[in-house]
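Worksheet for the structure shown next.
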Amino acid sequence: MSYSSSGPKPYERASKSSHHHLINDVTVSEALKALYVPPRGDTSEVKKYLIEFEPIASPIQHVVAIDGGYTEVPIREGFPSAAIHFFQFGALHFRIEDLVKLEHSQHVAPEDMQKLKNIDRLKLPLATAGARRKDCASLKESVRKTLYEFFAGENLGEDVSLLDTLAWFVFRRYKSARTPQDQKWEVSSSPFDVPGTVLFQEADMSSGYTFQCPETGGTLYLTDAFRLHERIEEETGAAGVAGYIAGVVEHLVLIHVIRNLLKKNAAALKQVLFIMDRPTGWFGVTAPMHKLMLELNNWLFDNHNFFAAGLEKSGAFVEHATQIREHIPAGSILILNDAYIYKYISPGEENTSRAYAETSYYGHKVIFRSRQGQMYVVSMPVRGLKKMPSATDIPNLNLVLTHIEQLHCDMYENALLPVALANKLVSLSAHPSSQILKAFAKSTVN
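Okay, so the sequence shown: first residue is 1 according to full-length UniProt numbering, each after it adds one.
In structure tokens, the structure reads:
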């Protein structure tokens, strides 16, 4: 690595001739020859797995779109630097009826658009580098306490907090009859750096959703179940948890809305489609939570119903969908199975005994081309992951895709109106949002 310049001396540029050492090295050549690169999609293989899309009559009357965004803002540049992350999340609700009326209107009035912008916003500032809360002794403690208080303080206008909903989710309080196993959750690590796992027992939880560490006597938060402390380093910071936090909060908003619908009018849940701007999965250190989500999926399918979709706008699956677009007729669904994924999309080797991403996903993916020609990568909740899923393994497949087709908009490529609006209302742009937030943070932090 070349030297950078922070003084009057010149910047050291990288060598322009050292590449020949790599090119002439036999070991490097052998390593390149040993690489496996998935081939481009075979049109005959694509057609083998296609099924025809059949739009159906639907009981759905409402759509809830959930999205979030974040940006990193420096509060001190140079050395030692300091930064915080600003997060903003939103849950957008609108009625299908209002959308249909807009589609048939020659002119869209501002009051009509306002009907589609019924949104609850959540805001979170989080110190992630070179700074911590004044009442905390470390960055790890600062991040843990901030997240705990954020979940405890937000309720989206309901009479219970997101933290209470987390307890409802983790300890399966939605079940009328719970087993002892339902009333506990084991986490693989402690935020206090002591060996062994941590067992969260509902019976040991305080009224403030905290526990006492048996090894150190320190306070454990229910939010430590996400294991975000594993990605926090005092020297390098906590920027690595930002993406995980976005996924955690968006999922908790989804679960919170489901819980409160069940509480107020359980029958209404059968009239709501939930759309998330992310795949149906928990990733990284939060991945074990997908087991809890699968349990909730099954309970909802057994006792009510669950209409949900995760939309992907980037990544390997979206790139593959773009590549095979011309080989998929309009009004077709490609249900992705393990053999196809590992052959054309993922460079990994297929596990013969485990389904693709079964340690993090709670839904199956499909590539859907609507009758109007738009392409979508959609994942939908399932009862359990399978290596070779069929249409019957994805509950409500055609019903959900009926609304994916209906909700399209032309603002962006292959976009959905609720997702586009939710993103507009909560995303934080590089300019001018981050510049304004930077000035705000610098003027506010003492």
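Positions of the beta carbon are idealized from the N, C-alpha and C atoms, including for glycine.
As the structure is a prediction and not an experimental result, all values here were calculated from the model.
Asked	Found
Beta-carbon proximity list for K175, same chain, < 7 Å, skipping 5 on both sides	D182 and W299
Three-state secondary structure (DSSP) of S142	helix
Alpha-carbon to alpha-carbon, V377 and H408	13 Å
With 16 other Cβ atoms within 10 Å as the buried cut-off, status of D338	buried
Sequence-distant residues of the same chain with beta carbon closer than 6 Å to A309, five excluded per side	I275, V378, M380 and V400
Residues bridged to S189 [DSSP beta-bridge criterion]	Answer is none; S189 lacks a bridge partner.
Within 7 Å, strictly: CB atoms of H19 and L162	no
D98 versus V249: straight-line alpha-carbon distance, rounded	28 Å
Cα-Cα separation between G348 and Y342, rounded to whole angstroms	6 Å
Residues of its chain near residue 456, where Cβ-Cβ distance is below 8 Å and the 5 sequence neighbours each way are ignored	The structure shown does not extend to residue 456, since the chain spans only 1 to 446, so no value can be given for it.
For Q374, the nearest candidate out of R325, Q61, S138 and A82 (CA to CA)	R325
Counterpart residues of G69 in DSSP-defined beta bridges	Q88
Close beta carbons around Y244, own chain, < 8 Å, minus the five adjacent residues each side	F226, L228, R231, F283, G284, V285 and T286
Length of the line joining the Cα atoms of V108 and F94	Low confidence applies here, because V108 scores a pLDDT of 46, under 50, leaving its location unreliable; read the following figure in that light. Straight-line Cα distance between these residues: approximately 16 Å.
Identity of the residues DSSP links to M276 by a beta bridge	I66 and G310
For H20, the three-state DSSP class (helix, strand or coil)	helix
Contact check, T146 vs A83, beta carbons under 7 Å	no
Reduced DSSP category for S434 - H, G, I as helix; E, B as strand; rest coil	Unreliable positioning characterises S434 in this predicted model, as indicated by a pLDDT of 49, which lies under 50. A coordinate reading is not provided.
Rounded separation between D193 and L35 - CA only	38 Å
Outcome for N297 when other beta-carbon atoms lying within 10 angstroms are tallied against a minimum of 16	buried
Opposing strand residues paired with F200 [DSSP bridges]	W185
Nonlocal neighbours in the same chain, by C-beta distance under 7 Å from F306, ignoring five residues either side	N297, L300 and P381
Backbone CA spacing between S138 and S207 [nearest angstrom]	25 Å
Environment of V26 [buried if 16+ CB atoms lie within 10 Å]	exposed
Within the segment 235-310, ranges of the alpha helix (DSSP H) (whole runs, at least 4 residues)	242-265 and 289-303
Coarse secondary structure for residue 447, derived from DSSP in three states	The chain is shown only over 1 to 446; residue 447 falls outside these bounds and no answer can be derived.
Residue from H364, H327, Y361 and K386 with nearest C-alpha to residue 499	Nothing about residue 499 can be read from this structure; the chain reaches only from 1 to 446.
Residue interval of the alpha helix (DSSP H) (run including T402)	L397 to Q406
Three-state secondary structure (DSSP) of R369	strand
As assigned by DSSP and simplified to three states, the class of T165	helix
DSSP three-state assignment for D120, whether helix, strand or coil	strand
Proximity of S332 and G281 at Cβ, strictly below 7 Å	no
Three-state secondary structure assigned by DSSP to residue 456	With the chain covering only 1 through 446, there is no way to say anything about residue 456.
6 Å CB neighbourhood of M388 in its chain, flanking five on each side removed	N337
Backbone CA spacing between A316 and A167 [nearest angstrom]	34 Å
Own chain, CB closer than 6 Å to A242, minus 5 neighbours either side, in chain order	Y70 and H85
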